[in-house]
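Taking this note's numbering, the leading residue of the sequence shown gets 6, the next gets one more, and so forth.
Since the structure comes first, as structure tokens, the remarks are kept for the end.
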Amino acid sequence: MSNLDRQPAPSVCGGRGFVVAEPVRELLSPRRVQLGESTEVRRLLPNLGRRMVGAWAFVDHYGPDDIADEPGMQVPPHPHMGLQTVSWLHDGEVLHRDSTGSLATIRPRELGLMTSGRAISHSEESPKQHARLLHGAQLWVALPGAHRHVEPHFEHHTDLPRVTAPGLTATVVLGTLDGARSPGTAYTPIVGADLALTAGTRTRLPLDPDFEYAVLAMSGEADVDGVPVLPGSMLYLGCGRTELPLRATSDAGLMLLGGEPFEEEIVMWWNFIGRSHEEVEQARKDWTDSSRFGEVRGYDGDRLSAPDLPPVALKPRGRVR
């Protein structure tokens with residue numbers, strides 16, 4: 006997923022200095038961003054008050070959109086560096102192409118995981134023959150210093166482990182939850198899980214007290230630790246929790262995001278995660294010069310051009326603005 010903002014604000018984040026060490030209930034409101042020709046997303050991370058949750062550094066929620074007579078998602082080829090992209094659908098399909106030659110159609114509750122490493126480019130689009138509804142989330146995971154220059158690669162996992170309780174099915178998208186481990190490659194201690202709750206459910210989900218957590222509301226009506234969360238909002242929960250109370254007043258879909266607080270300070274601008282202004286500037290130049298990021302073959306259209314860098318140097322400063 007690309008950040009299609011033509012004036013993207015630099016995000017400086019990472020480091021443990023601003024991690025909330027105890028349980029909190031911090032409701033984050035989204036910023037609406039137009040993505041391509043017909044898709045509007047609700048951007049939860051980076052947020053004015055919160056930049057990361059563990060290694061999760063970017064969260065977009067979109068839909069459900071009726072695209073029966075629309076082209077749907079149309080995101081031209083664009084670059085990534087220093088991160089992983091996670092594609093997660095509740096409705097619809099997304100056709101993924103990338104510069105390593107990968108071609109895959111991602112469907113609901115399947116994991117599309119792209120590790121950019123040192124450099125990759127990809128496109129995302131709704132297939133020409135597509136379902137009526139499009140609904141999902143696009144997320145980025147920051148790669149730690151030891152792995153941020155790995156060879157780029159793509160993974161498509163159609164069978165993911167589940168944790169169940171009465172009224173709850175938790176699909177482990179990335180990392181580990183209650184002993185169940187996703188087959189997706191993770192480079193930091195992390196968890197991403199899709200939570201499907203049936204109406205009337207009251208349950209408690211086991212958590213790791215060393216992780217910080219947030220819950221993204223995808224659909225329905227639910228309370229998370231007593232706080233009502235509406236679709237398209239996200240509740241930041243801090244650290245120090247051993248369990249999470251959940252209550253659904255209707256059938257509801259949530260995403261649990263968490264992980265060990267990300268120690269390194271990073272610079273995130275447009276579709277790049279680096280450690281300095283100079284590194285991001287070089288990545289932009291390499292994309293503009295058609296070097297390093299490879300070529301996406303098979304996409305019918307032009308690739309995205311990079312926006313202008315801000316007039317001031319980007320500097321990593323911490324996790325909150």
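Virtual Cβ for every residue (Gly too), placed ideally from N, Cα, C.
query	result
Straight-line gap, PRO166 to ASP294 (C-alpha atoms, nearest Å)	42 Å
CB of ARG102 within 8 Å of CB of PRO157, strictly	no
Beta-carbon proximity of HIS83 to SER126, cut-off 8 Å	yes
Exposure label - GLU268; buried when at least 16 CB within 10 Å	exposed
Euclidean distance between Cα positions of ARG209 and LEU202	12 Å
At least three beta-carbon pairs within less than 8 Å, the segment 220-230 to the segment 172-182	no
Proximity to MET223 [Cα-Cα], best of ARG280, GLY306, LEU139	LEU139
Sheet register partners of LEU212 (DSSP bridge)	Answer is none; LEU212 lacks a bridge partner.
DSSP state of HIS158 mapped onto helix, strand, coil	strand
ARG48 (DSSP reduced to helix, strand or coil)	strand
Sheet register partners of LEU118 (DSSP bridge)	VAL91, GLU160
8 Å Cβ cutoff met for GLU217 and GLY189	no
Beta-carbon separation (whole angstroms), LEU118 vs GLN89, contact threshold 8 Å	6 Å
CA nearest to the CA of PRO236, picked from THR193, MET260, ASP183, GLY225	GLY225
Candidates SER131, LEU108, HIS85, of which the one nearest PRO76 by Cα	SER131
Reference LEU53; option with closest CA among PRO214, TYR241, PRO194	TYR241
Contact the segment 56-63 vs the segment 186-200: 3+ CB pairs below 8 Å	yes
Own chain, CB closer than 6 Å to ILE72, minus 5 neighbours either side, in chain order	LEU139
Under the three-state DSSP convention, the category GLN134 falls into	coil
Pick from SER104, PRO171, LEU100 that is closest to HIS135, judged by C-alpha positions	LEU100
Sequence-distant residues of the same chain with beta carbon closer than 6 Å to PHE277, five excluded per side	MET86, VAL285, ALA288
Residue burial classification, GLY306 (beta-carbon count within 10 angstroms, cutoff 16)	exposed
Coil, strand or helix - GLU283 by DSSP	helix
Rounded C-alpha distance that separates PHE298 from LYS290	11 Å
Buried or exposed by the 16-neighbour rule on C-beta atoms within 10 Å, applied to VAL317	exposed
Cβ-based burial, THR206 [other Cβ within 10 Å; buried from 16]	buried
Counted within 10 angstroms of its Cβ, other Cβ atoms place LEU116 as buried (16 or more) or exposed	buried
Counted within 10 angstroms of its Cβ, other Cβ atoms place GLU129 as buried (16 or more) or exposed	buried
Cutoff 7 Å; reference HIS154; Cβ partners in own chain excluding five residues on either side	GLY122, ARG123
Cβ neighbour criterion (16 or more within 10 Å) applied to GLY184	exposed
Limits of the unbroken beta strand (DSSP E) element including SER175	Before going further, note that residue 175 is Ala rather than Ser in the sequence given. Segment 173-182, the beta strand (DSSP E) holding ALA175.
Assigned secondary structure, THR247 (DSSP; H/G/I helix, E/B strand, else coil)	coil
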